[in-house]
Structures are given as structure tokens and as C-alpha cells.
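> Before anything else, here's the structure in question.
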Amino acid sequence: MEGEEFVPPPECPVFEPSWEEFQDPLGYIAKIRPIAEKSGICKIRPPPDWQPPFSVELDTFRFTPRIQRLNELEAETRVKLNYLDRIARFWEIQASSLKIPHIERRILDLFSLSKIVTDEGGFEMVCKERRWARVAQRLGYPPGKNIGSLLRSHYERIVYPFEMFQSGASLPHCKPKHYDGEDVDKEYKPHSIPLRQSVQPSKMSTYGRRANRCQPDPEPTEEDIEKNPELKKLQIYGAGPKMMGLGLVARDKGLRKKDELPQTVTIKENTSPAPGDVSVKAEPLEPQERQSDGSTSNPQPPPPSVTVKTEVKKEEPEGVDGKDNDEEEDDTDRPCTKMTMRLRRNLNNPQCVDSFVCRMCGRGDDDEKLLLCDGCDDNYHTYCLLPPLTDPPKGNWRCPKCVAEECKKPAEAFGFEQATREYSLQSFGEMADAFKADYFNMPVHMVPTELVEREFWRLVSSIEEDVTVEYGADIHSKEFGSGFPMNNGKRKLTKEEEDYARSGWNLNVMPVLEQSLLCHINGDISGMKVPWLYVGMVFSAFCWHIEDHWSYSINYLHWGEPKTWYGVPSVAAEHLEDVMKKLTPELFEYQPDLLHQLVTIMNPNILMTHGVPVVRTNQCAGEFVITFPRAYHSGFNQGYNFAEAVNFCTADWLPAGRSCIEHYRRLRRYCVFSHEELTCKMAASPEKLDLNLAAATHREMFIIVQEERKLRKSLMERGITEAEREAFELLPDDERQCDKCKTTCFLSALACSNCPERLVCLYHTQDLCNCPTEKLYLRYRYTLDELLAMLHRLKVRSESFDSWANRVKEALEQEEGNKIGIEDLEMLKTEAAEKKFPDNELLRKLNTVLKDIDRCQKTSTELLSDSKSSESKMTLAELKSLVETMQNLPCVMNQLEEVQAVLRTVEEFQGRAQAQVNDRDWRRDSPPPEQLEALLEEGAKLLVVVPE
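Numbering (this note's numbering), first residue to last: 2 to 949.
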């Protein structure tokens with residue numbers, strides 16, 4: 002991507018919940034999921050007045066960051082740098098340093114040049130078919146400047162000798178000729194990536210960010226080598242920067258088999274021979290180019306003290322990158338070493354005799370000087386090696402061919418190294434701000450985010466600019482305290498802090514909310530249940546990865562400059578992996594699970610060009626970013642900031658979690674927890690699960706039980722009938738891992754009474770041992786009957802809502818004649834509360850009915866007790882409405898008849914009164930006043946106000 006302008010991907014969805022929606026975090030995330038998971042990541046802006054106070058103890062917070070060299074993070078650039086390192090090492094052994102030419106004011110990409118020439122049929126073919134102009138065009142150079150011939154001369158003098166050596170062909174001994182071109186060549190300093198690889202996170206931290214990785218011990222660092230005289234002796238002497246990683250042994254790995262232990266050997270730069278001497282051409286230990294100027298093919302081995310006059314021609318072992326031991330002293334009459342002693346002892350062995358010939362000169366005499374390789378048992382005269390050895394080496398010795406093999410392998414998996422300096426938040430901030438202001442030459446807050454983004458992607462793909470930054474990543478909040486307030490008794494919280502300490506959006510609370518699954522795991526999977534802290538500076542990056550067990554993750558930016566994110570939806574996860582493997586096969590060859598190691602970045606534009614859908618966002622202070630199951634994400638920081646992140650799992654994650662375990666099984670990757678154990682733990686107490694979770698667990702458990710039944714049946718068919726119960730959850734994880742696929746066993750495992758230290762999951766029963774079948778037995782957690790009973794209880798729980806809903810519907814639709822009692826309705830309401838049914842329409846209807854019942858009861862009681870003064874009496878319309886409501890209620894109302902009697906009385910009185918009033922002649926022959934008086938008195942005694 003060098004030279005091309007970065008094009009920002011489209012923005013991810015952004016959500017702004019109302020206060021009401023914000024009250025239920027996992028409910029809200031479930032609500033936005035259909036939209037958000039299509040992008041893989043989304044951003045959530047809390048309501049503006051939700052602002053948790055920052056609660057880290059500033060005085061005690063100290064951390065050691067990681068060092069990130071930007072161009073080593075990018076997958077394609079790292080491949081190029083590894084290639085340049087190998088070519089530099091090749092020339093360094095030739096006592097020359099690699100100088101990389103510039104063409105058209107940009108550094109020549111030797112890796113791409115080599116790849117394109119190979120692709121076009123190789124050097125000879127490109128020359129023969131005159132394809133150099135096409136090579137120039139494919140490298141992106143403008144036509145018509147005769148750049149093809151420049152490329153040819155650079156390829157011929159720098160790359161061709163190395164490629165020939167790699168293929169094991171012979172070449173004249175050569176040095177890269179100095180090239181007088183328009184541009185000045187730039188001397189290449191090897192990155193020695195293998196040496197610095199896989200440096201583990203700080204020893205101070207007892208937690209691993211990615212749990213149970215079972216990492217090997219790290220390679221010794223330069224510091225270790227300085228301190229250890231034995232390692233120091235092994236250092237390589239030679240022109241230019243020192244290359245390690247040719248097999249320094251990790252400290253505690255003394256148990257490795259001898260033949261796995263490459264001996265690092267050393268070479269010295271050729272010293273110029275004294276006048277009159279002709280020194281043997283120091284052909285580096287990698288038997289590279291042979292002299293071809295008519296030298297004799299089998300010269301006599303010279304006496305040790307004589308300088309060889311002829312140039313030696315030797316047999317060419319395969320491609321190599323190793324080095325030779327070259328001790329300082331010149332004492333050639335040393336007593337013979339253990340190698341030659343061993344050699345002589347075997348001389349009487351007839352099978353050995355013909356193999357005791359020097360691989361270089363083909364002769365077997367002068368066996369005092371014949372060395373036996375500890376790797377392949379080939380023999381070499383000390384003086385036939387190039388450069389020749391004045392003294393037989395002490396200890397194990399490897400021949401050029403074996404060292405070459407060793408050099409082909411990267412020393413260790415790639416990783417980050419820890420910085421040596423410890424920072425406080427203040428000192429890191431000062432360093433970070435000074436770096437950014439200095440880099441962009443303007444105040445930090447003035448630098449546009451687009452500029453930082455463009456510059457970041459330019460730097461990660463640059464071979465010549467080595468920008469190094471530091472990132473305080475994966476700091477464990479358990480040790481250092483969370484950025485959110487916590488009710489852990491360490492200090493008294495204010496009322497405001499109390500509220501934030503209880504909030505579901507507090508990342509210490511979210512993983513253990515009722516609808517979250519991780520609260521059902523007992524074991525300390527602190528890598529997933531406890532938040533991690535991240536202190537960033539400009540350009541510090543997090544590489545493409547998905548979460549352990551394909552869980553969700555949520556990240557909150559407490560303060561500081563934005564964090565830029567890129568996300569890919571789960572449907573494109575395998576496509577992203579395929580594209581990265583296709584573009585950088587060299588990296589994945591040695592680290593098949595490279596993407597699980599969080600150390601590889603690739604430009605989103607490259608992924609988009611290959612059809613991977615990518616979105617981006619700038620997360621500002623106070624905003625959340627959520628990543629969905631199996632959604633790849635990566636990004637970098639725009640400047641000094643502080644973020645906190647944690648994993649969580651909801652009911653909808655269960656199927657993804659199971660797929661992930663199958664995926665891990667294929668990769669032979671360790672689990673952080675057992676998926677079966679989590680599911681069974683939830684199934685064991687269904688009454689504690691909310692309905693949605695109970696239904697999801699039932700679906701999951703059903704699949705697990707079917708599979709388990711099938712696996713156990715196939716064991717029975719093999720004649721394995723012995724079984725014993727095992728409480729797997731009480732065993733440490735490393736004692737219940739399948740020997741073959743590393744999965745954590747829970748429901749069952751196959752064991753052998755002869756091989757007690759081994760066990761396998763039921764998918765790998767053939768891989769346990771070769772003992773007779775009767776020695777094998779099943780270790781199981783539950784019988785099949787117990788599993789079926791658990792399944793049934795889950796079904797009852799998840800269907801309990803349906804049965805309740807049917808009863809509520811029935812009750813609410815009762816007609817006159819078969820109405821139920823009020824207490825029955827009350828019981829339905831209590832059941833819903835006890836079983837934690839979610840809020841739903843039926844429950845709301847039921848509550849409304851119960852409120853109506855309560856109101857009617859109160860009103861009718863007041864009416865019948867006649868306790869009210871005439872001003873507050875009920876009107877006739879209200880009485881009619883009350884009777885109508887009571888008649889429509891689905892339950893038997895005891896006071897209904899009495900209230901109806903009151904209504905009848907009132908209506909009868911009303912009828913008589915109306916008759917009196919409407920009598921047209923009442924004025925003429927008005928009724929006696931007593932009659933009216935009596936009516937008025939009667940009206941006053943009524944329980945309701947009557948207009949008449």
C-alpha cells in the first residue's frame with residue numbers, strides 16, 4: 002500500500018439510547034443487535050448526563066507498557082522485513098552490508114521485486130524474454146524511463162546471489178558490487194524480528210490477557226545474553242548488527258531433545274591477509290557461491306599451518322543462513338576434541354567407514370581435523386569449512402547444512418516486547434503528548450483525526466521508517482483498580498458514586514448481570530469477567546482479532562483523545578482470515594493461529610479490495626464501542642487516552658460459543674472455560690434463569706445431549722463398557738484437556754487404566770493409546786438419564802411461561818357464570834413475579850384488571866358504608882359506570898349485588914320524582930307539600946347524588 006492514500010471505510014452504526022432504554026443494558030444491546038451485528042461493531046452514546054467519575058487511584062497506578070514497532074505490526078510489511086533480514090544476513094556473512102537502492106525517490110521493494118521476477122519465470126527467463134519493463138510496471142514505476150534495466154542490475158547484484166544460495170545452486174563467490182546510481186543507497190539495519198519475538202507480558206502481572214495460552218518460555222533477550230556468560234559466548238561475530246535467534250535456548254527448556262537444539266555458531270569478519278599470503282576466501286558457513294575460476298576440484302588438504310593457495314570447491318548443501326565458529330586463538334596443535342575422539346572410536350565399525358569422508362573435499366584422511374555434525378552426522382575438515390576453523394569447537398557443533406535448516410525457521414512466534422520503563426499516568430501522558438506534538442509539529446488537540454489515520458497507515462507499510470510507540474495494554478483492573486467506581490469496601494462512596502457502582506453499564510457489573518451467562522461460571526476466568534485497562538498514545542495499535550470464545554466485548558473510553566476502530570461482521574470472519582493467509586502465507590506457515598495472538602494488522606483498504614466488508618468509527622471520551630460475536634476488530638489510538646474493556650455473553654451467543662469450541666478443537670487451541678460446563682451449570686438450576694435464557698439453554702442443551710448420546714453409543718459399540726463418575730469441574734483445566742485437541746473435557750472423557758496421565762475427548766478415542774480395549778474406561782460427569790432429566794426441567798422452565806400465559810388468557814376472557822375468584826388472579830400475578838417472567842402484554846393486562854378490581858372494591862365499600870357527606874357523594878353516572886365495570890371484570894365481585902340494589906333504588910326514586918316533576922298541572926293542583934317533602938327527604942337519604 003506504500004504510496005497510496007488511505008481511503009477511510011464507511012462509518013459503523015451509532016446509537017443514542019433514551020434514559021428509559023439505557024436502564025436495561027443487555028436488553029438494549031439485544032434490541033440494536035439486528036442492525037449492529039451486520040457491521041460487526043457499533044458505537045453507543047450514553048445520555049449526556051451519564052458521566053461516571055474516574056476512579057483509578059492516580060497516586061498508586063503504575064504500569065509497564067509494550068513496545069510496538071509500527072511497520073512490524075502490518076502483516077505484509079513484516080513479511081518484507083523478514084525477507085530483508087534474511088538477505089542482509091546473507092550479505093553480512095559475505096562480509097558485506099546490504100544497501101538498498103532508491104529508484105524514483107523511493108526505496109526499492111526487494112521482496113516484491115523477487116516475488117514478481119519469480120512469478121514471471123525467474124531471472125533467466127525475464128532476461129531472455131526481455132520482461133524487465135513489465136517487472137518495472139508491476140512494481141508501479143512509470144513507463145519510459147528505462148527503469149527495467151536499473152531493476153535488472155539491482156536484482157542481479159543483490160537478490161540473485163541470495164536466491165541462488167536459497168535454492169542451493171552454485172555461484173561464483175561475490176560481493177555486492179557498489180552501484181553508482183542517481184540515488185544514494187541506504188544501508189539496511191536488520192530488524193532481527195526473531196530475536197525480539199514472543200516477549201511475554203510483564204512478569205509483575207499474574208494474569209494472562211488471553212487465558213490458558215500455555216505459552217513456551219520466551220527466547221532470551223539481549224539483556225539476558227549480557228548477563229549470562231554462556232549465552233554471551235554464543236553470540237555471533239560478524240559485520241553489521243548482530244543477528245540472534247539462530248537457536249539460543251530458552252532458559253528452562255533443558256529437557257528438549259539434543260537434536261532439537263540448534264547450536265548457535267559464530268563468524269568473524271574476514272581480516273585482510275598479511276602481504277604475501279593468500280587467505281582462503283571466507284565463504285560464509287552457508288556454503289554459498291563456489292569459486293568457479295578453474296579451481297581444482299579436490300585439492301590436497303594443506304598442513305594446518307600453511308595458508309591455502311588454491312581456492313576450494315566444495316559440495317553445496319541446501320540453502321542456508323547459518324554461521325561458523327571462529328575462535329580467536331591460532332593454536333592449531335590442540336589435543337583432539339571429544340568429536341574427533343568419538344570419531345576414532347567408531348573407525349572399526351565397517352558401516353561407518355565410508356561415511357567418514359569430508360562433505361566438502363570428499364576425502365577421509367586427516368581425521369584429527371574431521372568434525373562430526375551433531376545434527377546430521379556428516380563430516381567436515383576444519384580447514385574445508387568456510388571460513389576455516391583454527392580450533393575444533395567445544396561442545397555441540399552443527400554443520401553448515403543444519404544451521405541453514407535452522408535459519409529457515411523463524412526462531413519464535415511473533416509477539417510484543419515489554420518496555421523497560423515503568424510509568425505513572427502523568428509521566429506516560431507527558432511522554433505521549435510530547436511525542437505527538439513533536440511528530441506533527443503542532444499542539445496535540447489541533448491534529449485532525451483524518452491526518453493521524455492517514456499517517457498511521459502510511460507508517461505501518463513503510464520499510465524505511467521505523468516508528469516505535471508504547472502502549473499500556475491489557476492492564477488488569479483487579480490489581481490496579483477499575484476506572485469505574487466499585488463497591489468493594491476499599492473506600493466510602495458518595496451517593497453519586499454508589500449509583501454508578503450499581504449501573505449495568507459499569508464494566509465491572511455488566512458481565513455478572515442476570516441476563517449475562519458468565520455470571521454462571523465459578524472458576525476465575527479473570528481474563529473474561531474482569532475488565533482490562535488500556536493507556537494509549539498516538540499510533541499505539543490493537544491488531545485484528547476476535548474475542549476468546551467468540552464472546553461480545555464492550556469498551557468504554559474514560560477520557561483522552563479518540564480511539565479509531567475498524568470492524569468486520571462475523572459473516573466475513575473466514576473471508577478475512579483467508580485473505581490474510583493468501584497475502585502473507587509466510588507468516589501463517591509458522592503460526593497457524595497468528596490471528597489469535599493479536600500481533601498482526603492489515604490495512605482495511607487491502608481487505609476491502611479483496612471483498613471484505615470493513616467499517617470504522619472514532620470512539621470519543623464517554624462513548625462505548627461494542628463488538629459482536631466473531632466480529633474481527635482492530636484499531637489505533639489518536640493520542641493519550643484511557644479505556645477499559647470487558648467480555649460478556651448473552652443468551653443469543655450460545656450457538657456461536659459452541660461453534661467456537663468446534664473451531665478451537667480443529668485448531669488444537671486451549672479453551673478459557675468449558676462450554677458444556679457452562680451450559681450444564683445453567684441447566685442444573687433452571688429456576689434461576691430468565692425465560693429467554695432458559696429457552697436458549699434448553700435449545701443448546703438439547704443439541705449437546707443428542708451429541709453426547711451418539712458419542713457414548715459408539716464407545717459401547719467398540720466394547721468399552723467400564724465407566725466411573727468424575728467431577729470434572731473440580732479438576733484443574735490442564736488435568737482435563739484432551740491430549741489430542743486440547744479441548745477442556747466436562748461431560749465425558751476416555752481414559753486408560755495403564756496410562757493414568759492421559760485422557761482424550763470422545764471425538765478422539767482412537768488417539769488415546771494402543772492398550773487393549775478392556776483397559777479403556779469412560780469418565781463421565783452425568784449419566785444420560787440425568788442429562789435427560791436436566792433437559793426436561795429446562796423445558797418445563799422455558800415452557801412455564803406458555804402455560805402461565807394460557808391460564809392468564811383464559812382467566813381474563815371469562816364470561817358470566819364461570820368467573821374465577823379474585824385470589825386466583827392474584828396467584829397468577831405472584832407466579833409471574835416468582836418465575837421472573839419478562840414484562841409482557843398479558844402481564845400488563847393482568848395488572849390493569851387487578852387495579853380495576855381494587856378500585857371497584859374501594860369505591861363500592863365507600864358507597865355502601867354511607868360515610869361521605871352530601872358534597873362528596875357519587876353521581877348517578879358514576880354509579881352506573883361502577884356497576885358496568887364490575888359486571889365486565891373477569892372475576893366474581895362480592896359487592897356487586899349490593900351496589901346493583903343501590904342502583905335499582907335510585908332509579909326507582911328517580912322514576913317517581915320525574916313523574917311528580919313532569920306532571921303538567923302540578924302548579925294548578927299541586928300535590929300536597931308533604932308529598933314533595935317526603936320525596937326530598939328520601940332523595941337526601943340516597944347513597945348517590947340525584948339531579949331530581
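In this text, a Cβ means the ideal position worked out from N, Cα and C, and glycines have one as well.
Using three-state DSSP, classify Ser206 as helix, strand or coil.
Only weak support exists for where Ser206 lies, its pLDDT of 42 falling under 50; the coordinates are left without a value.
> Determine contact between the segment 71 to 91 and the segment 451 to 466, defined as no fewer than three beta-carbon pairs at a distance below 8 Å.
The segment 71 to 91 is in contact with the segment 451 to 466.
> If we ignore side chains and look at the alpha-carbon of each, how far apart do Met702 and Tyr764 end up?
Distance between the alpha carbons of Met702 and Tyr764 is about 18 Å.
> Should Ala695 and Tyr778 be called a contact, given that it needs their Cβ atoms to be closer than 7 Å?
No. Outside cutoff.
> Which residue's Cα is closest to the Cα of Tyr567: Arg158, Tyr501, Pro614, Ser504?
When only C-alpha atoms are compared, the closest one is Pro614.
> Compare the beta carbon distance of Glu471 and Ala438 with 7 Å and say whether it is the shorter of the two.
No, Cβ-Cβ distance for Glu471 and Ala438 is not below 7 Å.
> Checking 7 Å against the spacing of the C-beta atoms, do Val647 and Pro532 come in under that value?
Cβ distance < 7 Å, so Val647 and Pro532 count as in contact.
> Excluding five sequence neighbours on each side, which residues of the same chain lie with their C-beta closer than 8 Å to the C-beta of Tyr501?
Hits under 8 Å: Pro53, Pro54, Phe485, Pro486, Asn507.
> So Cys359 and Cys377 are in contact, right, with Cβ under 8 Å, and what is the actual spacing, rounded?
The pair is not a contact, with the Cβ atoms about 14 Å apart (cut-off 8 Å).
> Is the segment 575 to 589 touching the segment 653 to 669, taking contact as three or more C-beta pairs under 8 Å?
No: fewer than three Cβ pairs fall under 8 Å.
> Within 10 Å of its beta-carbon, does Met443 have 16 or more other beta-carbons around it, so buried, or fewer, so exposed?
So Met443 counts as exposed.
> Assign His676 to one of two classes, buried (16 or more other C-beta atoms within 10 Å of its C-beta) or exposed (fewer than that).
His676 comes out buried.
> So, with DSSP's three-state summary, where would you put Trp20?
Helix at Trp20.
> Could you tell me the distance, in whole angstroms, from the CA atom of Cys892 to the CA atom of Met875?
Approximately 24 Å between the Cα atoms of the pair.
> Do Leu558 and Ala622 have their C-beta atoms within less than 7 Å of each other?
Yes, they are a contact pair.
> Taking 6 Å as the limit between beta carbons, can you name the residues of its chain near Glu548, skipping five residues before and five after?
Ser554, Asn648, listed in sequence order.
> Mind checking whether Gly636 and Phe543 have CB atoms under 7 Å apart?
Taking 7 Å as the Cβ cut-off, Gly636 and Phe543 qualify as a contacting pair.
> Under a Cβ-count criterion, where at least 16 other Cβ atoms within 10 Å of its own Cβ denotes burial, should Trp551 be classed as buried or exposed?
Per the 10 Å Cβ criterion, buried.
> Taking the alpha-carbon of Ile45 as reference, which of Asp86, Thr628, Phe91 has the nearest alpha-carbon?
It is Thr628 whose Cα lies nearest to the Cα of Ile45.
> Less than 7 Å between the beta carbons of Cys762 and Thr744, yes or no?
Yes, the Cβ-Cβ distance between Cys762 and Thr744 is below 7 Å.
> What residue range is occupied by the uninterrupted beta strand (DSSP E) comprising Gly561?
Residues 553 to 561.
> Whose C-alpha, out of Trp20, Lys402, Lys881, is nearest the C-alpha of Val900?
When only C-alpha atoms are compared, the closest one is Lys881.
> By the 10 Å Cβ neighbour count, where 16 or more other Cβ atoms means buried, how is Asn380 classified, buried or exposed?
Burial call: buried.
> Quick test of the definition: if touching needs 3 or more C-beta pairs under 8 Å, does the segment 784 to 798 touch the segment 680 to 693?
With the cut-off at 8 Å, the segment 784 to 798 and the segment 680 to 693 touch.
> I'd like the list of long-range same chain contacts for Pro951, defined as Cβ closer than 6 Å, with 5 residues on each side in sequence excluded.
The structure shown does not extend to residue 951, since the chain spans only 2 to 949, so no value can be given for it.
> Where Met609 and Glu5 are concerned, what is the direct C-alpha to C-alpha distance, given to the nearest angstrom?
Taking the straight line from one Cα to the other gives about 14 Å.
> Leaving aside the five residues before and after Lys837 along the sequence, list all residues of the same chain whose C-beta is less than 6 Å from its C-beta, in chain order.
So the qualifying residues of the chain are Asp691.
> Looking at the unbroken beta strand (DSSP E) that takes in Asp579, where does it start and where does it end?
Per DSSP, Asp579 belongs to no beta strand (DSSP E); it is in the alpha helix (DSSP H), 574 to 584.
> Alpha carbon to alpha carbon, what distance is there between Pro9 and His576?
So the two alpha carbons sit approximately 20 Å from each other.
> If you follow the alpha helix (DSSP H) that Trp506 is in, where does it begin and where does it stop?
Where Trp506 is concerned, there is no enclosing alpha helix (DSSP H), given that its DSSP letter is neither H nor E.
> With a 10 Å radius around its C-beta and 16 neighbouring C-beta atoms as the bar for buried, classify Thr849 as buried or exposed.
Looking at its Cβ environment, which holds fewer than 16 other Cβ atoms inside 10 Å, Thr849 is exposed.
> Taking Cβ to Cβ, would you say Ser571 is nearer than 7 Å to Pro630?
Yes; because the gap between Cβ atoms is below 7 Å, this pair is in contact.
> Taking Trp805 as part of the alpha helix (DSSP H), name the residues at either end of that continuous run.
Its alpha helix (DSSP H) spans residues 785 to 813.
> Are Phe112 and Tyr84 touching if we call contact CB-CB under 7 Å?
Yes; because the gap between Cβ atoms is below 7 Å, this pair is in contact.
> How big is the Cα-Cα spacing for Tyr161 and Ala76?
The straight-line gap from Cα to Cα measures roughly 25 Å.
> Please classify Met603 as buried or exposed, where buried requires at least 16 neighbouring CB atoms within 10 angstroms.
With 16 or more Cβ atoms within 10 Å of its Cβ, Met603 is classed as buried.
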